[in-house]
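Chains as they are written, first to last, in our numbering: chain A, 128 to 466; chain B, 14 to 803. Backbone N, C-alpha and C define an ideal beta-carbon position, used for all residues, glycine too. Below is one structure, written out as structure tokens, with a few remarks after it.
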Amino acid sequence: MVNIEQIASEALAKIDGADISALEVLRLEYLGKSGVLTQILKSLSQYSTEEKKVFGSMANKAKSDIEKAIENKKENLKKAALDEKMLKEKLDPSPAFYFPFSKGSLHPILQTIDGICCVFKSLGFSVAEGPEIETDWYNFEALNIPKDHPARDAQDTFYLEGMNNLLRTHTSPGQIHVMEKQVPPVKVIVPGRVYRNEASDASHSSTFHQIEGLAVGENITFADLKNVLAQFVHKFFGNDLDIRFRPSYFQFTEPSAEVDIQCFFCKGKGCRVCKNSGWIETLGCGMVHPNVLKAVNYDAEKYSGYAFGIGVERVAMLKYGIDDIRLFYENDLRFLKQF
Amino acid sequence: MKASYNWLKKFVDFDLPPDDIARLLTSIGVETSVLSLGLGFSGVVSAKVLDVQKHPNADKLHLCSVTDGTNDYSVVCGAPNVAAGQTVALSKIGAVLPGNIEIKKSKIRGVESEGMLCSESELGLKEKSEGIFVLPENAPLGVPLEKILGENDSILEIEITTNRGDVLSHLGIAREIGAKLKKNPILPVIKTPKLSSFSIVKLESDMCLRYIGCVISGVKVAPSPKWICESLEKCGVRPINNIVDITNYVMLELGQPMHAFDISKLASKKVIVRAAKDGETITALDGRNYELDAQTLVIADEEKPIAIAGVMGGEYSGIDAQTQTVFLESAIFSPSSIRRTSKKLNLASDSSYRFERGLGWDIAELASWRAANLILEVAGGKIETREDIAKIDYEKTEITLRIDRVEKLLGYAIEEDELASALRFLGIDLQPRGGVILCVIPSWRNDIKEEVDLIEEIARIYGYDNIPKPPEEKTQIRTKNNSFFPHIVESFRTKLSGLGFSEVLNYSFCEIKELESLGLKYHYKIANPISKENEVLRPSLLASLYKNLALNLDRGAESAALFEYGKTYSQSGEKKMFAAIACGNVWREWWSWTEKKICPKYDFYFGGGIVKNILPSEDFIISENLAPEKYFHYGKTASVIYRGKTVGGFGVLKPSICECLKNGDEVFYFEIDVETLQDSYCGKDSYYKRYSKFPSLKRDISLIADKKLPFSKIEKTFKNVMKTGNVLKEYSLFSVYEDAAKLGEDKISYSFRLTYRDNEKTLTDEEANKDMNNLLSKLDKELSVTLRQS
């Protein structure tokens with residue numbers, strides 16, 4: 128009588144130590160047509176029913192154990208081989224990630240305009256536009272800036288030859304265009320290019336961008352203005368920054384204010400960027416002057432409104448830490464690709 | 014303007030330190046910074062120089078022995094004016110000078126120095142000074158310097174908004190401080206003796222509203238006393254002589270510019286205020302000659318102008334050491350007239366700066382008396398006569414303020430008492446009438462014209478920061494989602510930046526010469542350009558984009574791909590345009606590519622491929638450019654058509670334009686009219702098309718065609734077969750080949766990969782072949798394009 132258990136344990140031991148080719152040999156040796164277990168199972172007929180039952184189940188168990196062991200061993204060997212292969216193929220990650228195609232970029236000014244517009248759109252403003260070639264009426268008169276007023280000194284103007292037109296010095300004429308076409312309530316922002324006839328230096332450019340904001344309706348107050356600008360500052364610059372309103376003067380608003388935000392570099396402690404004041408002047412604003420409302424035939428008793436103007440270059444310079452405004456218009460790829 | 018902290022204290026009673034005063038003023042709209050913080054030193058004492066020797070190792074240095082009365086010190090000093098016997102300011106070891114500089118024991122050129130002898134600038138007493146600070150001889154020794162100097166002052170720099178000319182004086186600033194601190198300003202006490210008036214002033218022009226003249230005889234012109242000199246110097250005004258200094262002193266004090274003439278120098282004893290005659294000239298106090306016109310107001314004698322009114326006095330009528338009789342002017346000129354003159358002559362002064370901003374009717378009178386009083390006090394003499402002529406009947410502005418209007422505009426109810434007190438301390442006279450207040454505006458506040466101006470004053474003094482924000486709106490209104498960028502531009506920007514292009518932003522200006530070289534014409538010329546490079550408005554984005562490209566290549570970039578969205582200015586007005594420019598290799602070299610053949614350039618076809626790729630829908634068709642712009646290479650350009658209308662074009666720039674580029678590569682340029690498209694094209698309309706779930710079959714074919722046959726005709730046949738047969742789904746051109754020997758002189762070979770697929774079932778080879786043969790026979794029949802054998 129053969130000892131099936133011994134045969135099985137011997138086989139399992141051999142399988143454990145085998146490599147992939149030896150496994151096949153073992154499979155044939157035990158499970159093949161003339162394999163040891165096959166022969167045993169074939170020879171079962173010579174035994175009594177009782178013995179058949181015992182041997183049969185033992186032999187079948189041994190067969191399935193060996194089959195399973197071979198399969199397991201095969202799986203393990205494959206996995207080990209794959210691991211080894213991958214280990215051999217390991218690459219040095221340091222020089223590999225170089226894409227030979229240029230990285231594109233979007234201009235920081237337009238990104239800033241887009242970002243500011245998004246914030247105001249979320250606050251219920253829609254975007255409007257106005258022409259850059261303007262008349263004296265839209266750029267000055269309608270905005271309560273009469274001829275010979277010293278306020279015009281601050282806005283040196285480009286005039287066009289052979290015509291009575293000028294290049295707008297601010298986006299505020301956009302207010303007039305919008306109000307002429309629309310009855311209150313009005314809630315718009317007007318982004319765009321503006322021009323001042325002044326020599327370029329690190330902080331001045333004859334061309335720059337502004338975003339004008341305007342809301343007119345019944346019961347719109349200075350407190351609403353504070354609210355909307357505080358929300359803008361917090362959404363655009365950060366929630367933790369303080370903001371302050373300082374009285375100022377613009378012809379087309381009354382009361383007028385200058386909005387300072389806490390310096391986001393030093394958080395108000397004082398640094399080079401904020402000239403040690405802890406505050407950064409960010410935008411001008413105020414309640415729309417009754418004369419401006421009258422200029423567009425709005426009832427200045429019934430309606431009130433606020434307006435504000437944001438200098439895009441200034442915001443972008445602060446946001447990206449750029450110290451020379453001319454860099455925006457030089458268009459050196461080494462600058463552009465940083466944004 | 015510069016203001017003295019101590020001087021301000023004479024006009025209003027306050028205890029706040031300079032920093033707090035600056036903050037207070039800034040918070041109510043008068044931007045103020047502290048320029049110098051009085052005495053910013055400690056540990057400096059008076060000392061006597063006992064002996065001065067030459068430094069053994071340095072020609073320009075001295076070795077001084079000084080004493081503070083108790084101890085002797087050996088100090089190295091570089092000042093040329095140091096001499097034995099002087100009483101000087103000694104910074105002992107451990108002293109601190111402005112800027113937090115601590116004096117330490119140190120060796121200078123090998124000799125130990127036990128301190129430092131200071132100059133006035135080192136002590137922060139003056140902006141500039143020469144040599145060491147020499148104290149009065151009788152000053153006690155060893156006493157802290159601050160005790161000897163006595164007064165401790167700070168200089169404030171005040172910046173006003175253009176409407177607040179009334180703040181350009183110590184009285185004006187003090188009034189602002191008083192309004193916030195609820196204190197009334199203290200005016201200088203003046204004596205106004207009764208005088209006989211005989212007429213010497215003739216007021217002949219409306220450009221002068223009020224003219225007060227005062228003749229003082231028997232004055233002694235001399236240098237001003239110390240208190241006047243110091244006051245002027247602190248505010249950055251140079252002392253000249255007592256008469257001139259007093260006019261400046263009163264201007265700084267009360268804000269009224271004044272002028273003094275030597276009456277004996279006049280051709281007549283008449284002072285005439287009149288418009289200048291065209292072509293009349295005057296030599297002003299700055300020594301320069303000015304030509305005047307009829308819009309200029311002058312003060313004249315009977316022969317010629319003696320001053321440009323409100324701007325600058327004339328040279329020949331000025332006060333000098335011999336002057337005995339002074340004519341003192343205090344006037345109110347029309348702001349717009351002064352502004353025009355100052356701009357026209359390009360001549361600005363402290364005086365014109367104030368006149369332009371408007372002056373107080375009452376202040377002119379107060380100043381006239383104040384200056385006359387000071388002259389009598391300082392220079393002696395006697396007031397002979399005084400004349401006050403007005404062109405208008407001045408009346409104070411009266412405004413009715415509705416209390417409820419304040420809350421309506423500010424969104425916050427300020428108590429009536431509170432708002433009334435803000436106005437009252439600003440000098441506004443209030444008459445409450447139940448629900449409204451009648452406000453009488455003081456003459457110096459010409460900026461307050463209507464109710465809303467009063468509301469600003471209230472808000473400003475109450476404090477903007479004290480007006481609370483309303484609770485946040487719960488529901489925020491959403492408006493239609495329009496954007497700064499038109500849809501098509503948004504899509505171009507996203508795609509091109511992903512394709513390696515960088516966005517640029519250029520000025521709207523360019524130079525005519527630049528345009529001419531590109532064959533472009535301008536339509537708008539700037540009447541007053543900054544420079545020649547900025548003389549016209551750009552009619553196209555090309556000029557500046559090309560400049561950007563050249564700049565980058567010049568600075569070492571191997572290739573450049575740029576785009577810009579902006580306005581151009583042509584006969585049809587302002588137009589939004591989008592343009593892209595590219596030059597050089599599309600790919601850079603890469604170590605992982607062993608073969609270098611994959612290195613396309615931004616040429617006509619690659620560039621055109623990009624254009625095709627970024628155009629957002631099939632409605633955009635690329636076709637032959639029938640009227641190429643002058644800057645395109647005639648043979649390498651195409652148009653972009655949208656719904657039958659040419660909206661753009663692309664191509665390679667003319668070789669003559671790009672000659673100067675170093676790399677010798679072609680420059681690809683694309684532009685498209687966004688102004689037209691933004692109205693007709695509003696976002697991509699995509700409709701889902703069902704696609705086949707069955708496998709596809711591929712076929713590669715090479716065709717031989719006549720070189721002259723436009724490729725678009727071949728494509729058209731492909732497209733027709735795709736439509737009719739409905740199994741050819743895609744085709745792509747993967748090779749173009751010319752070889753005179755193999756193909757023939759005028760022939761060209763195109764290789765295509767065709768993809769066949771059926772929507773409903775698995776396609777068989779036979780079905781695909783049948784469709785392909787149909788294509789081939791059509792190509793042969795219609796275009797004589799044949800299958801290439803081999």
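Separation of the CB atoms of K283/B and A307/B is rounded to 21 Å, and the pair is thereby denied contact status at 8 Å. Nearest to E288/A by C-alpha distance, out of R601/B, P542/B, E672/B, Y769/B, is P542/B. Contacts with chain A at 8 Å (Cβ-Cβ) include S515/B. With the criterion set as a beta carbon lying under 8 Å from some beta carbon of chain A, the members of the segment 495-509 of chain B are N495, S496, F497, F498, R506, L509, in sequence order.
Sixteen is the threshold: when 16 or more other Cβ atoms of the shown chains lie within 10 Å of the Cβ of D166/B, as they do, the residue is buried. DSSP places Q444/B within a strand segment (E or B) once states are collapsed to three.
Taking a Cβ-Cβ threshold of 9 Å, the residues of chain A close to S521/B are E259, L294, R320, Y322, T334, in chain order. When C-beta distances to chain B are compared with 8 Å, the residues of the segment 403-437 of chain A below that value are M414, H416, P417, S431, in chain order. For Y475/B, the three-state secondary structure derived from DSSP is helix. The alpha-carbon separation between K545/B and K402/A amounts to approximately 36 Å. Against E587/B, the close residues of chain A are P258, E259, I260, in the order they occur along the chain (beta-carbon pairs closer than 8 Å). According to DSSP, A60/B shares a beta bridge with V101/B. When C-beta atoms of the segment 93-100 of chain B are compared with those of the segment 27-47 of chain B, fewer than three pairs fall below 8 Å, so the two segments do not count as touching. Between S330/A and I243/A a beta carbon distance of about 20 Å is seen, past the 8 Å cut, so the two are scored as non-contacting. Taking all protein chains shown into account, S797/B has fewer than 16 neighbouring C-beta atoms within 10 Å of its C-beta and is therefore exposed. Rounded to the nearest angstrom, the gap between the Cα atoms of K248/A and F359/A is 10 Å. Close to L460/A, with beta-carbon spacing below 7 Å, are these residues of chain B in chain order: S515, N565, A570, A573. Residue-level contact by beta carbon holds for F228/A and chain B, with a gap shorter than 8 Å. For the C-beta of Y425/B, the chain A residues within less than 7 Å are, from N- to C-terminus, A350. Proximity of chain B to I236/A at the Cβ level (cut-off 7 Å) is accounted for by L518, in chain order.
Counting only runs of 4+ residues, the alpha helix (DSSP H) found wholly inside the segment 326-406 of chain A occupies 349-363, in chain order. Following the DSSP letters along the chain, one finds L168/A inside the alpha helix (DSSP H) bounded by residues 163-169. Counting every other CB atom within 10 Å of its CB across the protein chains shown gives G661/B a total of 16 or more, marking it as buried. For R188/B, the enclosing alpha helix (DSSP H) begins and ends at 183-194.
Burial check for Y537/B: the Cβ neighbour count within 10 Å reaches 16 or more, so the residue is buried. Its Cα nearest to that of D417/B, the residue G447/B stands out among S182/B, F146/B, G447/B, A297/B. The CB of P374/A comes closer than 7 Å to the CB of I41, G42, R473, Y477 in chain B, given here in chain order.
In the three-state DSSP reduction, S17/B falls in the strand class (E or B). Around the beta carbon of L200/B, fewer than 16 other beta carbons lie within 10 angstroms, which makes this residue exposed. Taking 8 Å as the cut-off, the beta carbon of V502/B is found closer than this to the beta carbon of Y578/B. Not one beta carbon of chain B lies nearer than 8 Å to the beta carbon of A208/A.
Distance from the CA atom of S375/A to the CA atom of R473/B, rounded to whole angstroms, is 9 Å. In this structure the segment 520-538 of chain B touches the segment 546-558 of chain B; the number of beta carbon pairs closer than 8 Å is three or more. Looking at E177/A, S184/A, E194/A, the one whose alpha-carbon comes closest to that of G159/A is E194/A.
Scanning its chain for C-beta atoms nearer than 8 Å, with the 5 sequence neighbours on each side dropped, one finds around P708/B the residues R770, T775, L776, in chain order.
No Cβ of chain B is located within less than 8 Å of the beta carbon of R453/A.
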